[in-house]
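Numbering (the working numbering), first residue to last: 57 to 124. Glycine included, each C-beta is placed from N, C-alpha and C at the ideal position. First comes the structure, then the notes that go with it.
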Amino acid sequence: GPPSNDHHATGISSKDVLINPATGLSARIYLPPLSGNHRSPLLVYFHGGGFCIESAFSPLYHNYINSL
């Protein structure tokens with residue numbers, strides 16, 4: 057099934073967003089815990105597996121992004 061929206065070890069939450077329903081293009085947004093009034097950096101990660109093995113939403117990639 058889909059990963060949890062909250063990662064217990066890092067406090068990172070995630071949300072899947074459908075960008076284009078016609079093509080099925082989607083993205084997963086990761087949000088760190090909010091702490092005060094500071095701004096967080098932006099990281100864009102493109103899955104590089106050619107979608108032949110696994111997918112951008114596989115637990116392997118989900119856990120990797122949570123660890124960054």
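Residue from the options with nearest C-alpha to residue i
i, options, result
"L87", "L81, P97, L116, A78", "P97"
"S91", "D72, I68, Y120, P77", "I68"
"T66", "E110, R95, P89, G104", "P89"
Contact under 8 Å by Cβ, residue i with residue j
i, j, result
"R84", "F113", "yes"
"L116", "L99", "no"
Extent of the continuous alpha helix (DSSP H) to which residue i belongs
i, result
"L116", "115-123"
Where residue i falls: helix, strand or coil (DSSP)
i, result
"S69", "strand"
"I109", "coil"
"S60", "Confidence is the limiting factor: at S60 the pLDDT is only 47, short of 50, which leaves the residue's position unreliable, though a coordinate-based value still follows. Coil."
"L99", "coil"
Residue i - containing beta strand (DSSP E), residue span
i, result
"H91", "The identity of residue 91 in the sequence shown is Ser, whereas the question assumes His. Here S91 belongs to no beta strand (DSSP E), and DSSP marks it neither H nor E."
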